[in-house]
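If you read the sequence shown in the numbering used here, its first letter stands for residue 1099, the second for the next number, and so on. Backbone N, C-alpha and C fix where the C-beta goes; we use that ideal spot for every residue, glycine too. Shown next, in structure tokens, is the structure this report addresses.
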Amino acid sequence: MQRLTKYSLLLKAVHKNTENEEQRAELTHMIKSVDDFVASVNAALKRNEETARLASAASRIESYDVVESRDEELEKLIKIHSTFDITTVPIPGCPKDTLRVLLREGDLKLRDAVSSKMEVHILLLTDMLLICKPSTKKTSSSGLTGTVGGV
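Structure (structure tokens):
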């Protein structure tokens, strides 16, 4: 990446020492093309990093049982409709190609009505606030269970 940014500097130095107006115009066009290309590479790298951060956060989230039922068919239906993948579900009200981005994440203590404190992990995404509690399952050591709160 460092070499790409140097092409623009090299072309600017050549432009500065060129006297022919036709060549200067072509060099100006080349400088703009190189700058646009470097900007697109930077944007693609940033998008990849954001996607990787979101995928990393999504891999630590587990679903949890919202409702317990004695009816197996009802439980199957609930399970089907209670899963939520933050990496693939589109953002409501936005074009389908709009990407969800993880803006911030961290640990907090949440106070309930009885004033007891509970440790939670917060994920602030572009379109929602996800409040997760530590997993109580013994199979997962670093898993989080999520509760979605729309923003």
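- L1197 and A1156 have their C-alpha atoms some 14 Å from each other.
- Taking the Cα of F1135 as reference, the smallest distance to any Cα among L1102, T1116, P1193 and A1111 is reached at L1102.
- With a cutoff of 8 Å on beta-carbon distance, V1199 and T1224 are scored as near each other.
- Along the region 1126–1194, the alpha helix (DSSP H) occurs as fully enclosed runs of 4 or more residues at 1170–1179, listed in sequence order.
- Within the same chain, Y1105, S1106 and L1109 come within 7 Å of V1132 by CB-CB distance, once the 5 residues on both sides are set aside.
- Contact between the region 1111–1129 and the region 1178–1192 is absent, with fewer than three C-beta pairs closer than 8 Å.
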